[in-house]
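*Asks:* The opening position of the sequence shown corresponds to residue 2 in my numbering, with each subsequent residue numbered one higher.
We put the CB at the ideal spot given by N, CA and C, even for glycine.
Mind looking over this structure? Questions follow.
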Amino acid sequence: MARSVFRFLSRQSEPVEIGDAHYLLRLPRRTDYKAWYRLRSESRAFLEPWEPKWRADEMTEAAFRTRVIRNEQEFNCGQAVPLFLFSRQDDELLGGLTVGYIRRGAAQCCMIGYWMGTRHAGKGHMSAAVRLTIPYIFSVLQLHRIEAACIPENERSVRLLEKAGFRREGYLRDYLKINGQWRDHLMFSLLPQDIAPTGI
């Protein structure tokens with residue numbers, strides 16, 4: 002497994018960083034708006050088939066500011082860890098990964114979701130981000146199960162999850178409303194014992 006650096010301070014309100022020599026995942030900041038706007042705008046046609054329908058004000062700075070505030074609230078409450086993925090080489094925003102729907106109690110599980118800018122897709126960046134985040138989920142958040150769902154036609158996402166060791170568990174009918182239509186999804190999961198001793 003690639004050597005990773007984890008920083009998770011004792012207070013939930015403190016920043017979290019996950020990374021290695023090539024990548025950094027951290028919480029979104031209001032100052033990220035311009036980079037986020039540029040990447041999402043140029044990637045719209047690439048992303049829309051796999052995401053909920055974009056609102057009319059989706060790309061405004063006010064909407065982004067509201068999103069960051071909501072992200073902070075969800076993180077502070079232990080409900081989610083929303084992250085932006087950056088290249089260490091030039092500090093360029095590549096995409097995003099969210100550890101969401103964190104459930105404690107008897108479940109001890111979460112869902113992960115991710116997106117990648119169109120010009121960065123297919124280069125292994127999100128596979129690396131998922132590999133970096135898995136140990137954080139199991140060791141730092143101390144969860145027992147990671148779930149992920151994707152549209153069956155999203156072959157890139159299916160390959161990414163399978164490469165990371167996720168196992169296909171089921172077929173969910175009309176699971177999420179994506180780009181204005183209810184879409185079936187494949188459900189994947191990963192448990193600690195699914196990870197090979199030599200790493201991910």
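Can you tell me the Cα-Cα spacing of Pro153 and Lys178, whole angstroms?
*Replies:* As a first step, residue 153 must be located in the sequence shown, where it is residue number 152. As a first step, residue 178 must be located in the sequence shown, where it is residue number 177. Taking the straight line from one Cα to the other gives about 14 Å.
*Asks:* Distance check for Met188 and Gly171, CA to CA, integer angstroms please.
*Replies:* As a first step, residue 171 must be located in the sequence shown, where it is residue number 170. As a first step, residue 188 must be located in the sequence shown, where it is residue number 187. So the two alpha carbons sit approximately 5 Å from each other.
*Asks:* Tell me whether Asp33 sits in a helix, a strand or coil according to DSSP, three-state version.
*Replies:* In the sequence shown, counting from the first residue as 1, residue 33 sits at position 32. Here Asp33 sits in helix by DSSP.
*Asks:* Suppose you measure from the CA of Leu133 to the CA of Gly20; what does that come to, to the nearest Å?
*Replies:* Here residue 133 refers to the residue found at position 132 of the sequence shown. Here residue 20 refers to the residue found at position 19 of the sequence shown. Near 7 Å, if we compare the C-alpha coordinates of Gly20 and Leu133.
*Asks:* What is the DSSP secondary structure of Phe139, reduced to helix, strand or coil?
*Replies:* The residue you call residue 139 lines up with position 138 of the sequence shown. Reduced to three states, the DSSP call for Phe139 is helix.
*Asks:* Ser190 and Ile147 look like a contact to me (Cβ under 8 Å); what is the Cβ gap, rounded to whole Å?
*Replies:* What you label residue 190 is simply residue 189 of the sequence shown in a count that begins at 1. What you label residue 147 is simply residue 146 of the sequence shown in a count that begins at 1. That pair is a contact at about 7 Å.
*Asks:* Which runs of the beta strand (DSSP E) at least 3 residues long sit entirely within the stretch 51-127? Give them in chain order.
*Replies:* Listed in chain order, the complete beta strand (DSSP E) runs (minimum 3 residues) inside the stretch 51-127 are 82-88, 94-104, 110-117.
*Asks:* For Glu18, tell me which candidate among Phe85, Ser140, Glu93, Cys78 has the shortest Cα-Cα distance.
*Replies:* As a working note, residue 18 is residue 17 in the sequence shown. Checked all of Phe85, Ser140, Glu93, Cys78; the closest Cα to Glu18 is Phe85.
*Asks:* For Leu133, does the three-state DSSP call read helix, strand or coil?
*Replies:* Translated into the one-based positions of the sequence shown, residue 133 becomes position 132. Leu133 falls in the helix class under three-state DSSP.
*Asks:* Per the DSSP calculation, Tyr38 is bridged to which residue(s)?
*Replies:* Residue mapping note: residue 38 aligns to position 37 of the sequence shown, counting from 1. Note: Tyr38 sits in no beta bridge, so no partner.
*Asks:* Report the rounded CA-to-CA distance for Arg12 versus Thr99, giving the unit in angstroms.
*Replies:* To locate residue 12, count along the sequence shown from 1; it is residue 11. To locate residue 99, count along the sequence shown from 1; it is residue 98. Because Arg12 carries a pLDDT of 41, less than 50, the predicted location of this residue cannot be relied on, and no value is offered for it.
*Asks:* Go through its chain and collect everything with a Cβ distance to Ala122's Cβ below 6 Å, but skip five positions before and after it.
*Replies:* To locate residue 122, count along the sequence shown from 1; it is residue 121. So no residue of the chain qualifies.
*Asks:* With DSSP as the reference, label Phe189 as helix, strand or coil.
*Replies:* As a first step, residue 189 must be located in the sequence shown, where it is residue number 188. Looking at Phe189 - three-state DSSP - the assignment turns out to be strand.
*Asks:* So, is Arg184 buried or exposed, given that buried needs 16 or more other C-beta atoms within 10 angstroms?
*Replies:* Residue numbering aside, residue 184 sits at position 183 when the sequence shown is read from its first letter. Flag for Arg184 reads buried.
*Asks:* I'd like to check one pair, Thr119 with Ser1: are the Cβ atoms closer than 7 Å?
*Replies:* Residue 1 lies beyond the stretch modelled for the chain, which goes from 2 to 201, so this question has no answer here.
*Asks:* Taking C-alpha atoms, which residue in Ala36, Trp51, Gln74, Gln80 lies nearest to Asp92?
*Replies:* By 1-based counting over the sequence shown, the position of residue 92 is 91. Of the listed residues, the one whose Cα sits closest to Asp92 is Ala36.
*Asks:* Count the other C-beta atoms from every protein chain shown that fall within 10 angstroms of the C-beta of Asn72, then say buried if there are 16 or more, exposed otherwise.
*Replies:* For the purposes of this step, residue 72 is taken as the residue at position 71 of the sequence shown. Buried, by the Cβ-count rule.
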